[in-house]
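Report on one structure; see the data block that follows.
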Amino acid sequence: MAYEILGQHHIDRHQPIVLVGGMSSLRGDWERLARRLATRRPGVVTQQLLFLPYHQTDPTPLGFKVTHVILAGTLLSPLRDRKYGLKFDRTIPKKPRTREEKREIARPTLEATFDPQWVANPENAGRLNWWLDRQLSGRPTSTILMQARAMNKFDFTGLHNKLPKDMQFLVIHGELDAIVPPSCGQEILRRIPRAKSIEVGGRPGQVEHLNFGHHWYEYFDIQVWDDVVEYFLEPNPMVRL
Numbered sequence: 133m134a135y136e137i138l139g140q141h142h143i144d145r146h147q148p149i150v151l152v153g154g155m156s157s158l159r160g161d162w163e164r165l166a167r168r169l170a171t172r173r174p175g176v177v178t179q180q181l182l183f184l185p186y187h188q189t190d191p192t193p194l195g196f197k198v199t200h201v202i203l204a205g206t207l208l209s210p211l212r213d214r215k216y217g218l219k220f221d222r223t224i225p226k227k228p229r230t231r232e233e234k235r236e237i238a239r240p241t242l243e244a245t246f247d248p249q250w251v252a253n254p255e256n257a258g259r260l261n262w263w264l265d266r267q268l269s270g271r272p273t274s275t276i277l278m279q280a281r282a283m284n285k286f287d288f289t290g291l292h293n294k295l296p297k298d299m300q301f302l303v304i305h306g307e308l309d310a311i312v313p314p315s316c317g318q319e320i321l322r323r324i325p326r327a328k329s330i331e332v333g334g335r336p337g338q339v340e341h342l343n344f345g346h347h348w349y350e351y352f353d354i355q356v357w358d359d360v361v362e363y364f365l366e367p368n369p370m371v372r373l
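All residue numbers for the sequence shown refer to this note's numbering, where the first residue is 133 and numbers rise by one.
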């Protein structure tokens, strides 16, 4: 497991935020959002952590208190709809390839984590190339496929009602998510009645619309997501005066 601590000057002064990546993710993938939050102060994996104290055979208490949880583009039960999920072309023969060839092999899988309109927008070319370069190391397909098999074995049935009632949840799920169906976000809201869905609007803490893909934090100005997190943690405007 790899991790990095940003904004260490805020220790003991502000509420810490832990960004947990999902299947196939690497530490630096959070760069755009993490560094923005650090200047101020993965769903299934996060839930597995929260449920450690309630494990059937080996309950393990957490050494810290979790007060707020953001579940973004994630799910509560194994994904059965084959139309969704990360897709890999397993027919491509293994052989030494150039950097550009590797980028083109990774492109279809990566582009599916956005949406066609975002990919076609010239303004996003720089970010798309940044992500393509990041696909070239540290993400062997065999490892990702093993992760996918493990993801199809988890079962959170009956566990969410055991979580502390004062633990706050925010659900972020784009309607254009082609990896995890938006219906999974609705399932979270049903399973955790006190959970809130991200609000649509023009005020700080809201997003303009829900037309975004799986890589939700690559949409909108990063200040939008900064405000979403801040208002979730501190909904009282007086706190920020």
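Backbone N, C-alpha and C define an ideal beta-carbon position, used for all residues, glycine too.
- Message: Quick check for students: name the residue ranges of the alpha helix (DSSP H) that lie wholly in the segment 236-263, counting only runs of 4 or more.
- Response: 248-252
- When DSSP builds the beta bridges, which residues end up paired with Gly201? To locate residue 201, count along the sequence shown from 1; it is residue 69. At residue 201 the sequence reads Val, which differs from the Gly that was named. Looking at the DSSP assignment, Val201 forms a beta bridge with Phe301.
- Report, in whole angstroms, the separation of the C-beta atoms of Ile311 and His346, which I expect to be a contact under 8 Å. Residue 311 sits at position 179 when you count from the first residue of the sequence shown. Residue 346 sits at position 214 when you count from the first residue of the sequence shown. Contact flag correct, Cβ pair sits at about 4 Å.
- How should Pro248 be labelled, buried or exposed, when 16 other C-beta atoms within 10 angstroms of its C-beta is the threshold for buried? Residue 248 sits at position 116 when you count from the first residue of the sequence shown. So Pro248 counts as exposed.
- Note down, in chain order, each residue of its chain lying with its Cβ closer than 8 Å to the Cβ of Leu264, except the 5 sequence neighbours on either side. Counted from its first residue, the sequence shown places residue 264 at position 132. For Leu264, where only same-chain residues beyond five positions count, the Cβ hits under 8 Å are Arg235, Ala238, Arg239, Leu242.
- Message: Pull the bridge partners of Val332 from the DSSP assignment, please.
- Response: Taking the sequence shown and counting its residues from 1, one reaches residue 332 at position 200. According to DSSP, which records beta bridges pairwise, Val332 is partnered with Val339.
- Query: Are the Cβ atoms of Arg359 and Pro336 separated by less than 7 Å?
  - Reply: Translated into positions along the sequence shown, residue 359 becomes position 227. Translated into positions along the sequence shown, residue 336 becomes position 204. At residue 359 the sequence reads Asp, which differs from the Arg that was named. Yes; because the gap between Cβ atoms is below 7 Å, this pair is in contact.
- Message: Looking only at its chain, what residues have a beta carbon closer than 7 Å to the beta carbon of Met79, apart from the 5 residues adjacent to it on each side?
- Response: Outside the shown range of the chain, which is 133 to 373, sits residue 79, and nothing can be said about it.
- Query: In terms of residues, what are the limits of the alpha helix (DSSP H) holding Ser315?
  - Reply: The sequence position of residue 315 within the sequence shown is 183, counting from 1. Segment 314-323, the alpha helix (DSSP H) holding Ser315.
- Report yes if the CB atom of Val251 is closer than 7 Å to the CB atom of Thr206, and no otherwise. Position 119 of the sequence shown, counting from 1, holds the residue named residue 251. Position 74 of the sequence shown, counting from 1, holds the residue named residue 206. Contact flag unset, no.
- Message: Only counting the same chain, and skipping five residues up and downstream in sequence, which positions put a Cβ closer than 8 Å to that of Asn284?
- Response: Position 152 of the sequence shown holds residue 284. Correct list, in chain order: Pro210, Leu211.
- Of the residues Asn343, Gly333, Leu295, Asn261, the one placed nearest Pro314, counting alpha carbons only: Counting from one through the sequence shown, the residue named residue 314 turns up at place 182. Relative to Pro314, the option among Asn343, Gly333, Leu295, Asn261 whose CA is nearest is Asn343.
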